[in-house]
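Comments concern the structure below.
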Amino acid sequence: MAKRDNRSGKRRNGNQAKFSSPKRVVKKPARVFEPIDTLPPKGPEARSNECVGTLRLNGSLYFVEPDPGYNNAQYGKISIAQEHLNGAPIDMKVICEILNPKAPPGEYTGKISEVLGDPGRHDVAMLGIMRQYGLATSFPDSVMAFAEDFPLNPGAEDIEHSLLSGRRDLRSLATITIDGEDAKDLDDAISIERVPGKGFRLWVHIADVSHYVKEGSILDEEAAKRATSVYLVDRVVPMLPPRLSNGLCSLNPNAPRFTLTASMLIDYNGTVVEGDVFESIISSDMRTSYNEVYSLLFDPGELERLELLRPMLEAMKDLMDILIRKRKNRGAMEFSFPETHVDLDELGRPVNVFPYPINEAHRIIEEFMIVCNEFVAERFERMKAPFIYRIHEDPDTEKITEFLALAKLFGAGGHLKGKPTSKFLSVLMEGIKDEPFAPALSQVLLRSLAKAVYSKDNVGHFGLSSDSYCHFTSPIRRYPDLYIHRIIKSVLHEEARLSHFSRLVENVALHCSEMERNAVDAERASIDLKTAEYMAQHIGDVFEGIVSGMISGGIFIRLDSSIEGMAAFRVMDDYYEFDERRLEARGKRSGNAIRIGQRLKVRVAAVDIAMRRIDFEPQIVTIEKGRTTKSDPNKKTKRRRK
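Numbered according to my numbering, the sequence shown spans residues 33 to 674.
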């Protein structure tokens, strides 16, 4: 177990299942594979001698303007001598090599090493993001050739050998996958049965990627370098070649697939009372989508093909309700921030932007994956096996105290006694969930918390209020999941490899945490790019949104479409003074106050696609000397004194 109860100092035992460690049988250990130690860090800040940006000319001086995402205080504009242009045209997206990376900020010089193309082209702009964040545009030929040698489906001989080696045959067990309509890398499948008087038997089947991606192979080395699949708006940069990620490893319907299965008996209180983890082979009966499952359960329509699954899906919903109630009662925190979805045409141009809807079918899979990840983490922690945990450390008390002071200004908050607990914060946020300022205040709270990371040491997961947690359920797209599958199988087969894994888990965890942060930043950059392209078609249009953030220079507004932009104080028709403590700005002349969570109408003033920036002008009604006026976007305003 892990996180201590802040009230009693005792460990919490949420799962009372009994487990015993298997016997250790000494076998020859596999070749030690330690590429993690020498892998270069990725991301724009890590590669200090390279920069993606746009080549500019000011008078007779050439310089590269770095793309957003770089620390401008570190980079600034990079001067380019004429002899270092290497034929690059002005206003092109380029790769710039910094010649003096140890120079003081603002004094960098560089040379153009590559021209990517016109930044106004959709493919060039996205390529710039991929290069900025070190994302590979393709797999090496050797890796592709290695992957292509795999069959489309497991062969009869491989299946027979695996069954003789102890793999359990679950192909007759009713099994389905539930995922997005466009998903191709299907990591997980579900089986469920009601157990009268006891609860539910839940089987979570996860693709056995480690059966094919062997430690030390060139396929494994490439997967370790990437560490995660990256989901950009217009493409997926997969961790594994498509032959495996979309084919042999994906739990596609009506095909035999090797899996690792977590079988759990869950009682009516949501407690796993017994369980097991084992190698298996399944054949998914049907591939369904979130929307189909939701329609069948909550909005019945013409879904005859799913009607036979109704008893199974209703059991899933009932178990989901139990698991949600248990997590809520123990204080798990809920942050509901819909992802931004961008529809593209065949040329890659954005045609619509909207918040991706999350429904009850998503929650079914989410809850099943959480209980599975907790069960697996707790099981192998009890065995004292080396492991990679997903941890979320307790927040800094001072930051939470500052957040509570802000929340109190909105009529929320409570008196904190001792260290903050997830239960305390969960109850606080539950009390304001229907208020218009709740999403913005949730964002402030989220920024006050630590970031979840991977670690060899288990300290629990604060946000989930979980003592033990890991990522077990997505080995096609996350390397930590693949890695702990190897550890699990080593234990199952009683191999003498635990000392081998003990030497590596810390480096693997650190590397995967870094690569995850890099992937999140790249995905966010791709959304910013496409939303900027979309809003460039709407300059001058007026939209409604909510004030989602505030800094000394202006306010951030999140539109109902989930697009976010900024309105600088200097363009507003008043002198706004920023109160950081209250997260409020007040007009000195009019007395108008702008607060976090406030709804505003804004006009799209300008869009800079290259810098992925959207500028808004609030349409604020002000009261001045007895007359009502509206901010005039065409009126010239005096610049504020600095």
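Ideal placement from N, C-alpha and C gives every residue a C-beta, glycine not left out. Keep in mind that this is a model prediction, so the values were computed, not measured.
Check, Outcome
"Please state the DSSP three-state secondary structure of Asp155.", "helix"
"Quick check: Arg88 and Ile122, are their CB atoms within less than 8 Å of each other?", "yes"
"Check whether the region 501-510 and the region 209-223 are in contact - that is, three or more C-beta pairs closer than 8 Å.", "yes"
"Residues bridged to Asp308 by DSSP?", "Ser295"
"On the DSSP bridge assignment, give the partners of Met582 in chain order.", "Ile587"
"On the three-pair Cβ rule with 8 Å, is the region 569-585 touching the region 634-641?", "yes"
"Just to confirm, does Glu306 get its C-beta within under 7 Å of one of the non-hydrogen atoms of the ligand ADP?", "The ligand ADP is not part of this structure, which contains no ligands at all."
"Please return the same chain residues whose Cβ sits closer than 6 Å to the Cβ of Val156, not counting the five positions on each side in sequence.", "Lys125, Leu148, Gly149 and Asp150"
"Just checking my contact of Ala364 with Ser480 at CB under 8 Å: how many whole Å lie between their CB atoms?", "That pair is no contact at about 17 Å."
"Spatial neighbours of Ile354 within its chain, please: C-beta separation below 6 Å, excluding the five flanking residues on both sides.", "Gly302"
"Mind checking which residues open and close the beta strand (DSSP E) that includes Phe95?", "Leu93 to Pro98"
"Three-state secondary structure (DSSP) at Cys281?", "coil"
"Restricting to Cα atoms, I'd like to know which of Asp640, Phe178 and Leu477 is closest to Phe367.", "Leu477"
"Which residue from Tyr102, Phe386, Arg422 and Val309 puts its Cα closest to that of Tyr511?", "Arg422"
"Enumerate in chain order the residues of its own chain whose CB-to-CB distance from Leu93 is below 8 Å, with the five nearest sequence positions on each side excluded.", "Ser111"
"Excluding the 5 residues preceding and the 5 following Arg233 in the sequence, name in chain order all residues of the same chain whose CB lies nearer than 6 Å to its CB.", "Glu225, Val227 and Leu297"
"Provide the residue span of the alpha helix (DSSP H) that contains Met318, from first to last.", "Here Met318 belongs to no alpha helix (DSSP H); instead the beta strand (DSSP E) covers Met318 to Ser321."
"Could you tell me the distance, in whole angstroms, from the CA atom of Gly212 to the CA atom of Pro137?", "45 Å"
"Which residues does DSSP pair with His493 in a beta bridge?", "His424 and Ser498"
"How should Ile250 be labelled, buried or exposed, when 16 other C-beta atoms within 10 angstroms of its C-beta is the threshold for buried?", "exposed"
"I need the DSSP call for Leu338, collapsed to helix, strand or coil.", "helix"
"Relative to the C-alpha of Arg267, which candidate in Phe290, Met643, Met344 and Ala215 has its C-alpha closest?", "Ala215"
"Restricting to Cα atoms, I'd like to know which of Pro343, Glu548 and Leu202 is closest to Arg289.", "Leu202"
"Does the Cβ-Cβ distance between Pro752 and Leu264 come in under 8 Å?", "There is simply no residue 752 to check, as the chain begins at 33 and stops at 674 in what is shown."
"Using 10 angstroms around the beta-carbon of Glu189, count the other beta-carbons present and answer buried if the total reaches 16, otherwise exposed.", "exposed"
"Taking just the CA atoms, how far does Ala470 sit from Met461?", "8 Å"
"Could you have a look at Ile208 and say whether DSSP puts it in helix, strand or coil?", "strand"
"May I ask you to report which of helix, strand or coil DSSP gives Ala625?", "strand"
"Extract the residue ranges of the alpha helix (DSSP H) inside the region 184-245, only unbroken runs of 4 or more that lie entirely within it.", "188-196"
"Does the contact criterion of 3 or more C-beta pairs under 8 Å hold for the region 546-559 versus the region 160-176?", "yes"
"Determine the direct distance from the alpha carbon of Glu398 to that of Val408, and round the result to whole angstroms.", "15 Å"
"Just to confirm, is the Cβ distance from Asp240 to Leu292 under 8 Å?", "yes"
"Please confirm whether Glu324 and Leu340 have their CB atoms less than 8 Å apart.", "no"
"What would DSSP say about Pro650, mapped onto helix, strand or coil?", "strand"
"Around the C-beta of Asp640, are 16 or more other C-beta atoms found within 10 angstroms, so that it is buried, or is it exposed?", "exposed"
"Tell me where the alpha helix (DSSP H) around Pro675 begins and ends.", "Limits of the chain in this structure are 33 at one end and 674 at the other, which puts residue 675 out of reach."
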